[in-house]
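For what it's worth, numbering that gives the first Met the number 0 labels the leading residue of the sequence shown as 0, then goes sequentially. Note that the Cβ used here is the ideal one computed from N, Cα and C, for glycine as well. See structure below.
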Amino acid sequence: MIIIGIVTVYAIIMTGLVIFASSKEKISEEPEIVVSGDVIMSTKSSRPGCEETDRCYIPSVFDINSGNQVTWVNEDSAFHSVTSGFYGEPSDLFDSGHLDPYESFTFNFDEKGTYDYFCTLHPWMKGQVLVG
Ligand SMILES: [Cu+2]
0 MIIIGIVTVY
10 AIIMTGLVIF
20 ASSKEKISEE
30 PEIVVSGDVI
40 MSTKSSRPGC
50 EETDRCYIPS
60 VFDINSGNQV
70 TWVNEDSAFH
80 SVTSGFYGEP
90 SDLFDSGHLD
100 PYESFTFNFD
110 EKGTYDYFCT
120 LHPWMKGQVL
130 VG
């Protein structure tokens with residue numbers, strides 16, 4: 000009886016250690032998932048309110064020289080898009096489609112100008128790329 004008890008306790012401890020070790024592994028892998036980008040779709044941008052603090056797309060205005068590209072990364076847990084134009088009036092220059100969490104989208108800007116964009120899912124999300 001005592002032996003069975005000891006074996007059971009040992010099994011429970013080992014199971015706990017395995018779970019602990021695998022959870023630690025996941026934490027150490029996390030930074031590799033994060034893609035670096037120029038503009039971030041922030042957490043909580045899927046709810047209205049981020050526009051009040053200018054934290055839907057961060058930064059909401061991005062300056063580049065013509066011929067360069069911009070990469071957007073969705074760091075939120077919800078879908079987002081990067082779509083040229085304004086909500087209800089897309090300009091058809093670029094459209095990322097729905098970006099999954101940690102998915103990114105890159106577009107090359109060859110001509111100077113001001114490029115407005117928005118998220119097709121969240122009308123309050125707006126940004127601009129200024130190409131000089
Ligand atoms: Cu969105």
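The segment 41-52 makes no contact with the segment 106-114, as fewer than three CB pairs between them are under 8 Å. For Gly96, the closest C-alpha among the options Glu88, Phe85, Thr119, Asp109 is that of Thr119. The beta-carbon distance between Val69 and Asp37, rounded to whole angstroms, is 5 Å. This is short enough to meet the 8 Å contact definition. Taking 8 Å as the cut-off, the beta carbon of Gly66 is found no closer than this to the beta carbon of Asp94.
Looking at Gly131, Ser90, Arg54, Pro122, the one whose alpha-carbon comes closest to that of Glu74 is Arg54.
For Ser45, the distance from the CB to the nearest heavy atom of ligand 1 is below 7 Å.
The Cβ neighbour count for Tyr56, taken over all protein chains shown within 10 Å, is at least 16; the residue is labelled buried. Contact between His79 and Leu98 holds, with the beta-carbon distance rounding to 5 Å and staying under 8 Å. Not one heavy atom of ligand 1 is found less than 7 Å from the C-beta of His97. These are the residues, in chain order, with a beta carbon less than 5 Å from any non-hydrogen atom of ligand 1: His79, Cys118, Leu120, His121, Met124.
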